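Residue numbers (this note's numbering), protein chains in the order written: chain A, 1 to 325; chain F, 1001 to 1325; chain U, 2001 to 2325. Glycine included, every Cβ here is placed at the ideal spot set by N, Cα and C. Computed from a predicted model, the values in this text were never measured in an experiment. Below: one structure, written as structure tokens.
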Amino acid sequence: MQTGLRGRDLISLQEWSLEEVETILEVAAELKRDRALGKPHPYLRDRVLAMLFFFSSTRTRASFEAGMAQLGGHAQFIESRTTQIAHGDTAKEIGEILGRYNDGIAIRHVTWGEGNKYIREVASASRVPVLNMQCDMFHPHQILADLMTMREKKGDLRGLTIDVSWAYASSYQKPISVPQDLVLAATRAGMNVRLVHPPEYRLMPEILDQAAENARRSGGSLESMDDFDAGFRGVDVVYAKSWGPLLVAKNDDEGASIGRKYTDWITDARRMATAADDAIFMHPLPADRNIEVADEVIDGPNSVVYDEAENRLHVQKAVMALTMR
Amino acid sequence: MQTGLRGRDLISLQEWSLEEVETILEVAAELKRDRALGKPHPYLRDRVLAMLFFFSSTRTRASFEAGMAQLGGHAQFIESRTTQIAHGDTAKEIGEILGRYNDGIAIRHVTWGEGNKYIREVASASRVPVLNMQCDMFHPHQILADLMTMREKKGDLRGLTIDVSWAYASSYQKPISVPQDLVLAATRAGMNVRLVHPPEYRLMPEILDQAAENARRSGGSLESMDDFDAGFRGVDVVYAKSWGPLLVAKNDDEGASIGRKYTDWITDARRMATAADDAIFMHPLPADRNIEVADEVIDGPNSVVYDEAENRLHVQKAVMALTMR
Amino acid sequence: MQTGLRGRDLISLQEWSLEEVETILEVAAELKRDRALGKPHPYLRDRVLAMLFFFSSTRTRASFEAGMAQLGGHAQFIESRTTQIAHGDTAKEIGEILGRYNDGIAIRHVTWGEGNKYIREVASASRVPVLNMQCDMFHPHQILADLMTMREKKGDLRGLTIDVSWAYASSYQKPISVPQDLVLAATRAGMNVRLVHPPEYRLMPEILDQAAENARRSGGSLESMDDFDAGFRGVDVVYAKSWGPLLVAKNDDEGASIGRKYTDWITDARRMATAADDAIFMHPLPADRNIEVADEVIDGPNSVVYDEAENRLHVQKAVMALTMR
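And the structure:
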């Protein structure tokens, strides 16, 4: 157990050791039991988290804000458009000033090529921990919830096979932060990872290099494929969601146009039936229903999406309680 | 006293028994005294309420949020437009997920034909109580505040006469939830109810049937009229406010056009003078001043609108403390 | 020490006695030490502040909301545009109703000719303290933070010279509340005040009369100048920021046009070098960087802008703890 987490930023899960991640998951499980028992756990009484959103959210905001309140503290919901941040305040000023008013700063900024850079600039100016609520490259709290959920359903993750797949969606060009951080985490956990996507939807090369290195160390594996159906065969975990062709497309229109070539990349019952019998279907939500995934799957017996969403709360409370105390 | 309210939804007041309503009012009175004395009452320490608004509000949001804070908890102010709710999250997902993050969900959704349906869908997916902060059909927390206020001013309500009247307003086509829930509650309380409105402003027939049945059981009465002036004569309580011709008009323009036939339906001093000497004037606010009601009445000695607004806080704290503990 | 502050409004600092201001600064220093030590100070446990914003803000909102949370209470962030305040609720209704739901009301309303009037109307209807988070005339909490910061850096303020100067900015016509309240406070503190601005940027005559009277009583002085460079010479404190020519310009366009005559009014290293060697540079932020002030100054060794911004938190907590208990 590694517990020296006070004051630590969480920007990419890869920057935290496996033992530190283990500590988070253990604390999260304890907090989940405490909440079920109604046992008070005010580890952050009267502490304050500033939540800074450059992009709207339901689960992320609701779970961080509820989590701080359950820990006895308070989370400020700050939308960048309602403030002077858009016109005048630099990242350094935000880090300096919000870091003096608060005990932690959480930021969601998914703009491609900007989000991670902004978060790191704020972190370098802040005297308190900075937590990444999703950037253009990483989504560590989602991935912690995913790890917790897979462990609850499957136990030891070593040797299990996960299908990390692209799927079609019509709504908008979603960030690549979830598949990137998931591939990194699953290879570190010793899983056999199938990364499946059409050629245009590739991830950042340095992330894949790191994931390959993770697999080499853990005894897991990383395999890239471009056959949607093949990705499902015999896997223990299906994690199929849409993202944008951000490394390829010059703009949203071009991205949407590329996507329309692959509208048959939808997770349906026929495909799920080719996975292992007890395979679980995961998705960070919101899903484009019947476009990205069929109702029969997301509402079916193999779906664990609500438990997955719930675990956001518990892992985030664990991170906050350990870093912001 | 009926106290088994933990976990109960409050969507329509009619679904709660008279004894349960009585319990709410007793707890509300105690909480009002506690606040006046500065006596702590943290019945919901570190509990969290999600407040979901599909329509803006001042009193409703401010009173629920202040109430949760005074009870030691926290209320999240979630506007549907700032989230992914508008594009992607189903009612079931909102109920499942917000129900796992929070200890209660409060919803305001007044769109005609949609609001009540949405709230019930969320409630059926939620593991925690769902509280109706106003829908297209009901406004139970307003009506609880109205009952508390009438009791504070008039004592036993049985046998008193209340004028539940339409009035003109130019601002927008307001919901019919207040008159509907008020007519139901007043007939249950044994009051003699005059429901007064131009023919186009009728309420839902099934509500009126239920109100008639309520009156039969309680010894009260229900009378429908279309003469604004006659509604005032000799009554103990004047509750005159605007609402839209929602069962008749196909759209807002047609609704506004119908309204302009009745611009003289304004509560003024001359009309108030025909009520009982000690009649009280009630209104849930905000009022269209000098259109819906004259300043001389709403700011006059018979007006109880500020006490009525204040009692929103106390009844809502009672409901939350009893259902969300 | 004057401690009878329970229930007091803070709308203009001039309305509080020097001893009362002294009490605020002493409590602020204690709260600042408590926070550094992690010593709990829940003086407002479960109390609620309504923050009403007619104009967006970063520091003001974040510091008031964090401050209430650290004191054990809660601050509601209410934007006027999200409520019915814009259409229907009068100032009296806001004061009556928010005053019944909350333990304090804080308002930011900087519209020229309206803000202060609105705040006083709310205050006269409210049963709880009303705190001015900046109006068209005054910004008392900023000035309290400025006094605290100057005392931390310079000790006794009597006899020190401060350059309260206009500077150019292109972003928008900023309120005159900071220079007005600062000139009043600095003359009361016995400082020698140089008020420096182009002729079009004059302040309200009654404010200057009051400041002159303050100086007469305190042994300080007040001098008006229109030479930007001369303002810097030998001063102990440089407080140069932009404001609009609100007493002269009929509209924003005319204001912007006047401003463009003075684009060389920027605080740079050359000008700072003419001040005293240990002169401090102050600014309430956000600054128009390299237009209003050069990076070399605001990020340089004489700048105290982050400490100044931090002290907003501590003085506001002191005001809230003393008035809202």
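Would you kindly report the start and end of the unbroken beta strand (DSSP E) that includes residue 1065/F?
It is not in any beta strand (DSSP E) - residue 1065/F instead sits in the alpha helix (DSSP H) that spans 1059-1070.
- Completely contained beta strand (DSSP E) runs for the segment 1139-1181 of chain F, where each covers 3 or more residues: 1161-1166
Can you name the residues of chain F whose CB is closer than 8 Å to the CB of residue 2280/U?
Residues of chain F passing the Cβ test: none, with the nearest at roughly 39 Å.
*asked:* When you compare the CB of residue 2037/U with every CB in chain A, is at least one pair closer than 9 Å?
replied: no
_Using C-beta distances below 8 Å, list every residue in its chain close to residue 269/A, excluding the 5 sequence neighbours before and after it, in chain order._
Excluding residues within five positions, the ones whose Cβ falls inside 8 Å are 294, 296, 297 and 300.
ask   = Hey, residue 2217/U and residue 1310/F: beta-carbon distance below 9 Å or not?
value = With contacts defined as CB atoms closer than 9 Å, residue 2217/U and residue 1310/F fail to qualify as a contacting pair.
Can you check whether the CB of residue 1150/F is closer than 9 Å to the CB of residue 1314/F? No, these two residues do not count as a Cβ contact at 9 Å.
Q) Does residue 1090/F get closer than 9 Å to chain A when you measure Cβ to Cβ? A) yes
ask   = By the criterion of Cβ-Cβ separation under 7 Å, what are the contact partners of residue 2050/U in chain F?
value = 1062
Compare the C-beta of residue 1291/F against all C-beta atoms of chain A and say whether one is closer than 9 Å.
no
Inset, instruction - List the DSSP bridge partners of residue 2079/U. - result: 2053/U, per the DSSP bridge assignment.
Notebook entry, point to check: Across which residues does DSSP place residue 1184/F in a beta bridge pair?
Noted result: Note: residue 1184/F sits in no beta bridge, so no partner.
As a quick exercise: from 1187/F, 1092/F, 1223/F and 1015/F, pick the residue whose alpha carbon is nearest that of residue 1197/F. 1223/F
Below 8 Å on C-beta distance, what does residue 2313/U contact in chain A?
100 and 101
For the candidate residues 2026/U, 2048/U and 2243/U, whose alpha-carbon lies nearest to that of residue 2176/U?
2243/U
Test: residue 2141/U CB closer than 9 Å to a CB of chain F:
no
**OP:** State yes or no: is the C-beta of residue 1106/F within less than 9 Å of the C-beta of residue 1075/F?
**Re:** Taking 9 Å as the Cβ cut-off, residue 1106/F and residue 1075/F qualify as a contacting pair.
message = Can you find the residues in the same chain that come closer than 6 Å, C-beta to C-beta, to residue 1165/F, ignoring five residues on each side of it along the sequence?
response = 1196, 1231 and 1240
Neighbour list for residue 2073/U in chain F, Cβ cutoff strictly below 9 Å
1069
Compare the C-alpha of residue 1307/F against each of 1009/F, 1282/F and 1169/F and name the closest.
Of the listed residues, the one whose Cα sits closest to residue 1307/F is 1282/F.
Margin query: Looking at chain F, is there any beta carbon in it that lies within less than 9 Å of the beta carbon of residue 325/A?
Written below: no
CB-CB length for residue 1184/F against residue 1210/F, believed under 8 Å: 6 Å
- Item | Residues bridged to residue 1239/F (per DSSP) | Beta-bridge pairing links residue 1239/F to 1164/F and 1282/F.
Practice prompt. State the start and end residues of the unbroken alpha helix (DSSP H) segment that holds residue 35/A.
Written response: 18-37
Span of the beta strand (DSSP E) around residue 2011/U | First-last for residue 2011/U: undefined, no H or E at that position.
Going by DSSP in three states, residue 320/A sits in which element: helix, strand or coil? helix
Could you tell me whether the Cβ of residue 2306/U comes closer than 9 Å to any Cβ of chain A?
-> yes
Any idea which residues DSSP pairs residue 104/A with across the strands?
49/A, per the DSSP bridge assignment.
query = Taking the DSSP output, what are the residues bridged to residue 1222/F?
reply = Answer by DSSP bridge pairing, in chain order: 1193/F.
In this structure, does DSSP put residue 1233/F in helix, strand or coil? coil
Original post:
Does the beta carbon of residue 1332/F come closer than 9 Å to any beta carbon on chain A?
Top reply: Absent from the structure is residue 1332/F, since the part of chain F shown begins at 1001 and ends at 1325.
Practice problem: Put residue 204/A into one of helix, strand or coil per three-state DSSP. | Solution: coil
* To do: Measure from the C-beta of residue 2285/U to each C-beta in chain A and report whether the shortest distance is under 9 Å.
  => At a cut-off of 9 Å between beta carbons, residue 2285/U contacts chain A.
- Measuring only between beta-carbons, confirm whether residue 2152/U sits less than 9 Å from chain A. no
*Beta-carbon neighbours of residue 76/A, restricted to chain U and to distances below 7 Å*: 2062, 2065 and 2066
Q.
With distance defined between alpha-carbon atoms, name the residue in 2057/U, 2289/U, 2322/U and 2182/U nearest to residue 2080/U.
A. Ranking the options by Cα distance to residue 2080/U, first place goes to 2057/U.
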